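Protein chains in written order, with full-length UniProt numbering: chain S, 1 to 366; chain W, 1 to 366.
We put the CB at the ideal spot given by N, CA and C, even for glycine.
Quick caveat: nothing in here was measured; it's all calculated off a predicted structure.
Some notes on the structure that comes next.
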Ligand SMILES: NC(=O)c1ccc[n+]([C@@H]2O[C@H](COP(=O)([O-])OP(=O)(O)OC[C@H]3O[C@@H](n4cnc5c(N)ncnc54)[C@H](O)[C@@H]3O)[C@@H](O)[C@H]2O)c1
Ligand SMILES: NC(=O)c1ccc[n+]([C@@H]2O[C@H](COP(=O)([O-])OP(=O)(O)OC[C@H]3O[C@@H](n4cnc5c(N)ncnc54)[C@H](O)[C@@H]3O)[C@@H](O)[C@H]2O)c1
Ligand SMILES: [Zn+2]
Ligand SMILES: [Zn+2]
């Protein structure tokens, strides 16, 4: 089943296509958009080795003049310096306003390639071809692009929408299992904050971490619904004025856990999983959410192979302190996204610190 | 006479205030905009020495928390490296989404501060306080921001609109005379492409280069009409789809002259002056423009103290070749903006190369 999701924004609308094997048709999809003839493919060496040749072939097939730029893999290379490398290749190949950057990779590649496209000649086209689950359901949708500052993640960036997003679920077969599970945390998030039916489907699926090998059909459906959820939210609030904050469900405590463990021990998806368990428990404590539903959430997280407890040794006071320094803090108040039922959340900055502590204590490994 | 010009864009509208002595009221103007309490003033040492104290006082007067960042003066410091310095100061002072960058300076400061604001936290507020004539009538209006790539000017940047522009004509008194004349080239440009009445006023004024000392009233009027002209054009075409190209009147050959003289011998305004003379002559040759009107243009340029002839030693073939590599070339065809009457231009890519050569030959110093 192929799906095409429309993302409708005031200034620009674009489509997300979810098509198994679609990578080989990338050029054909793009040729409908009447872009200029020059394309710069940005990737990393690992991904380019696996999918570069097919991508180039698909682009050349329809007559694009293609150049490539591979950047070192890994979050620590998500820097202005890497973006400068993209600029250099763009200049070398005389990219024009009508030219297109194709981001072939996970969120790291997508964020950098998107930012380079946003800022080269004050904005050239970008097409996202996400290859990690997280990039498919999260980073490639919504138009956030950017890089890290030595002292903080994603501090430098721009809102810049792609012209098109092509999701080929079959490339997920080569994604390392831990990365796949990490992406699943965001999928579960959409089930809780927006799409109860998606949640039900995830709950009903048997081997969630094996999906990409055994049930491409269901996987495609899950990808499409996840993108739809994010597109719905972003479409209602492109520039983060309000609603978009619900996408941070699980991320308040998640970010604290991530940063306190040095972004290594616990990855982003795992941290979000922990954060969702915590937020769910807080909502239960505040009598905003039924405890049975919270249990269903936690069971789904566990089935996916994601953590539901804090990493051992993590200090609860350190977590609570860290919440205060988060980007999302407004006037010193920590903002939480809390479920009220599966498929719906509310935003509040009225969570007492002792409730947070109590919930976190329950989540310590015994 | 104070003027307030409204710039109306689909996504955001803002005002340009032209107020003699207005610098001291900067804070009061800004406080109407309901911005966050943190302000970062970006400037260069020369300008900051002259106007920094007054600017800081005006901001503190209404309660802003102000930090500053001065960057080395000069086009060659319009780089990502300088922008990174702004990022560092932004981080140090914990600027938030609601915070504001105030650009106090010429086009170099304005372009960098604007780009830093466009990309810090994916966009914080920027207020332009242009101090050079060129920045007042050109770079601070229209939302183009950016920096140079080692191999090309303004290749890296973003379209990003300010929240407010404050023009205080009295700061022009300290602008070096050659910089003042350079800015006048853009003013004359608006007269030719858009505002015949502005042209008449310039023609009627006696001592154009002395205006800032002797007739602040007329100067204010000229500033306001110039900004209005640019705002009109930009308002009709924010992202350079079509009409905005007319702002490049005089810039086609101007850019070639600038780049061939290494951006030193001839400055931007002088090159534009030369380019306008050339474009005018081309239009006359092609029987699109009355020769008497072209003569009026050239006389006004001369009265301003701007050049009307090519710098000696400049090779005509080199100019014609250089036109081909310009950013604005489309499908190998050089695009010219040609006057049809004072106050109106047309865009064409149908200028025969031998007409260009012939006109340039006439403009060689004999
Ligand atoms: N822009 C946004 O809205 C947004 C949202 C969420 C996250 N992000 C950003 O996304 C980044 C994380 O993205 P990510 O999790 O994709 O990380 P990533 O890009 O580093 O990819 C994870 C790893 O998987 C590898 N990989 C990717 N696809 C593969 C495939 N098909 N086969 C084999 N290996 C593959 C990559 O080489 C990498 O080693 C972070 O920088 C984060 O800030 C951005
Ligand atoms: N963003 C745009 O739309 C746009 C349009 C045109 C030009 N530009 C850019 O603008 C830049 C040129 O701007 P510029 O001509 O203002 O150059 P500039 O910023 O270098 O200023 C010129 C000189 O005048 C000095 N100066 C400025 N104001 C002064 C004052 N009041 N008193 C004393 N000295 C003063 C500066 O220190 C500098 O030495 C270029 O980088 C160009 O690319 C941008
Ligand atoms: Zn996330
Ligand atoms: Zn100019």
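Assuming residue 103 of chain S contacts residue 110 of chain S under a Cβ cut-off of 8 Å, what Cβ separation, rounded to an integer in Å, is found between them? Locating residue 103 of chain S in the first chain gives position 103, counting from the first residue. Locating residue 110 of chain S in the first chain gives position 110, counting from the first residue. The C-beta separation of residue 103 of chain S from residue 110 of chain S comes to about 5 Å, placing the pair in contact by the 8 Å criterion.
Please list the partners that residue 121 of chain W has in chain S, where partner means a Cβ-to-Cβ separation under 7 Å. Position 121 of the second chain holds residue 121 of chain W. Neighbours of residue 121 of chain W on chain S, chain order: 155.
Look at residue 283 of chain W and residue 339 of chain W and say whether their C-beta atoms are less than 7 Å apart. Sequence index remark: in the second chain, residue 283 of chain W carries index 283 (1-based). Sequence index remark: in the second chain, residue 339 of chain W carries index 339 (1-based). Yes; because the gap between Cβ atoms is below 7 Å, this pair is in contact.
Taking residue 87 of chain W as the query, report the chain S residues whose CB atoms sit under 8 Å from its CB, ordered along the chain. As a working mapping, residue 87 of chain W is identified with position 87 in the second chain. Correct list: 149, 155, 156.
Near residue 27 of chain S, what residues of its chain come up, given a Cβ to Cβ distance below 6 Å and the 5 sequence neighbours on each side ignored? Reading the first chain from its first residue, position 27 is the one you call residue 27 of chain S. Excluding its 5 nearest sequence neighbours in each direction, residue 27 of chain S has C-beta neighbours in its own chain below 6 Å: 58, 59, 61, 62, listed in chain order.
Would you list the one or two residues that DSSP bridges to residue 65 of chain S? Here residue 65 of chain S refers to the residue found at position 65 when the first chain is read from its first residue. S:38.
So, at 8 Å on beta carbons, what are the nonlocal neighbours of residue 178 of chain S in its own chain, with the 5 sequence-adjacent residues on each side left out? Translated into positions along the first chain, residue 178 of chain S becomes position 178. So the qualifying residues of the chain are 267.
Fully enclosed by the segment 264-343 of chain S, which alpha helix (DSSP H) runs are 4 residues long or longer? Runs found: 268-285, 291-303, 316-324.
Could you tell me which residues DSSP pairs with residue 103 of chain S in its beta bridges? Mapped onto the first chain, residue 103 of chain S falls at position 103. Paired residue(s): S:42, S:128.
With 16 other CB atoms within 10 Å as the buried threshold, where does residue 285 of chain S fall? Against the first chain, residue 285 of chain S aligns to sequence position 285. Flag for residue 285 of chain S reads buried.
Give me the chain S residues within the contact set of residue 84 of chain W, using Cβ-Cβ distance strictly less than 8 Å, ordered along the chain. As a first step, residue 84 of chain W must be located in the second chain, where it is residue number 84. Going along chain S in sequence order, the residues near residue 84 of chain W (Cβ under 8 Å) are 80.
For a contact meaning CB atoms closer than 9 Å, what does residue 245 of chain S contact in chain W? Locating residue 245 of chain S in the first chain gives position 245, where the first residue counts as 1. In chain W, no part has a C-beta under 9 Å from the C-beta of residue 245 of chain S; the shortest such distance is about 12 Å.
Excluding sequence positions up to five away, which residues of its chain have a Cβ less than 7 Å from the Cβ of residue 79 of chain W? For the purposes of this step, residue 79 of chain W is taken as the residue at position 79 of the second chain. Around residue 79 of chain W: 147, 148.
Counting only runs that start and end within the UniProt domain "3-dehydroquinate synthase N-terminal" (69-181) of chain W, where is the beta strand (DSSP E) found for 3 or more residues in a row? For the UniProt domain "3-dehydroquinate synthase N-terminal" (69-181) of chain W, whole beta strand (DSSP E) runs of length 3 or above, ordered along the chain, are 100-105, 125-130, 144-149, 152-159, 164-167.
With a threshold of 6 Å, establish whether the CB of residue 138 of chain S neighbours any heavy atom of ligand 1. Along the first chain, one-based indexing puts residue 138 of chain S at 138. Result yes, Cβ under 6 Å from ligand 1.
What does a CB cutoff of less than 6 Å around residue 121 of chain W pick up in its chain, not counting 5 residues either side in sequence? On the second chain, residue 121 of chain W is found 121 positions in, with the first residue counted as 1. So the list reads 97, once near-sequence residues are dropped.
Cβ of residue 108 of chain S versus every heavy atom of ligand 3: is any distance shorter than 6 Å? Locating residue 108 of chain S in the first chain gives position 108, where the first residue counts as 1. Not so, every heavy atom of ligand 3 lies at least 6 Å from the Cβ.
Does ligand 6 have a heavy atom nearer than 6 Å to the CB of residue 47 of chain S? Looking at this structure, you won't find ligand 6 anywhere; what it does contain is ligand 1, ligand 2, ligand 3 and ligand 4.
What is the DSSP secondary structure of residue 366 of chain W, reduced to helix, strand or coil? In the second chain, counting from the first residue as 1, residue 366 of chain W sits at position 366. Reduced to three states, the DSSP call for residue 366 of chain W is coil.
Residue 213 of chain S - containing alpha helix (DSSP H), residue span: The residue labelled residue 213 of chain S in the question sits at position 213 within the first chain. From DSSP, the alpha helix (DSSP H) with residue 213 of chain S extends over 211-214.
Selection of the segment 91-123 of chain W by Cβ proximity to chain S, strictly under 7 Å: For the segment 91-123 of chain W, the residues whose beta carbon sits under 7 Å from a beta carbon of chain S are, in order, 91, 118, 119, 120, 121, 122, 123.
Residue 350 of chain S - DSSP class collapsed to helix/strand/coil: The residue labelled residue 350 of chain S in the question sits at position 350 within the first chain. Residue state, collapsed to three classes: coil.
Given residue 349 of chain S, which residues of its chain have a CB within under 8 Å of its CB, disregarding the five upstream and five downstream residues? Indexing the first chain from 1 puts residue 349 of chain S at position 349. Cβ contact annotation for residue 349 of chain S (same chain, cutoff 8 Å, sequence separation greater than five): 330, 333, 334, 335, 336, in chain order.
Go through its chain and collect everything with a Cβ distance to residue 362 of chain S's Cβ below 8 Å, but skip five positions before and after it. To locate residue 362 of chain S, count along the first chain from 1; it is residue 362. Contacts found: 281.
Touch test, the segment 201-210 of chain W against the segment 250-267 of chain W, Cβ-Cβ under 8 Å, three pairs minimum: Judged by pairs of C-beta atoms under 8 Å, the segment 201-210 of chain W does not touch the segment 250-267 of chain W, as fewer than three such pairs exist.
With distances taken between CB atoms, is the gap from residue 44 of chain W to residue 67 of chain W smaller than 7 Å? As a position in the second chain, residue 44 of chain W is number 44, starting the count at 1. As a position in the second chain, residue 67 of chain W is number 67, starting the count at 1. Not in contact: residue 44 of chain W and residue 67 of chain W (Cβ atoms no closer than 7 Å).
Just tell me which of W:124, W:229, W:183 has its CA closest to the CA of residue 164 of chain W. On the second chain, residue 164 of chain W is found 164 positions in, with the first residue counted as 1. Checking every option, the nearest Cα to that of residue 164 of chain W belongs to W:124.
Counting pairs of beta carbons, one from the segment 130-146 of chain S and one from the segment 169-178 of chain S, are three or more of them closer than 8 Å? The segment 130-146 of chain S, when compared against the segment 169-178 of chain S, does touch it at the 8 Å Cβ threshold.
Between the beta-carbon of residue 105 of chain S and the beta-carbon of residue 185 of chain S, is there less than 7 Å? What you label residue 105 of chain S is simply residue 105 of the first chain in a count that begins at 1. What you label residue 185 of chain S is simply residue 185 of the first chain in a count that begins at 1. Cβ atoms of residue 105 of chain S and residue 185 of chain S: not closer than 7 Å.
Regarding residue 272 of chain W and ligand 4, is the C-beta to nearest heavy atom distance less than 6 Å? Here residue 272 of chain W refers to the residue found at position 272 when the second chain is read from its first residue. Residue 272 of chain W: yes, Cβ under 6 Å from ligand 4.
Taking only three categories from DSSP, how would you classify residue 345 of chain S? Taking the first residue of the first chain as 1, we reach residue 345 of chain S at position 345. When DSSP states are grouped into helix, strand and coil, residue 345 of chain S belongs to the strand group.
Got a sec: is the Cβ-Cβ distance from residue 336 of chain W to anything in chain S below 7 Å? Within the second chain, residue 336 of chain W is the residue found at index 336, counting from 1. With a threshold of 7 Å between beta carbons, residue 336 of chain W makes no contact with chain S.
Can you pull the chain S residues whose beta carbon is under 9 Å from the beta carbon of residue 163 of chain W, in chain order? Your numbering for residue 163 of chain W matches position 163 in the second chain. Under the 9 Å cutoff, chain S gives no residues; its nearest Cβ is about 14 Å from residue 163 of chain W.
Determine the direct distance from the alpha carbon of residue 181 of chain W to that of residue 14 of chain S, and round the result to whole angstroms. Sequence index remark: in the first chain, residue 14 of chain S carries index 14 (1-based). Sequence index remark: in the second chain, residue 181 of chain W carries index 181 (1-based). Going by the C-alpha atoms only, they are around 46 Å apart.
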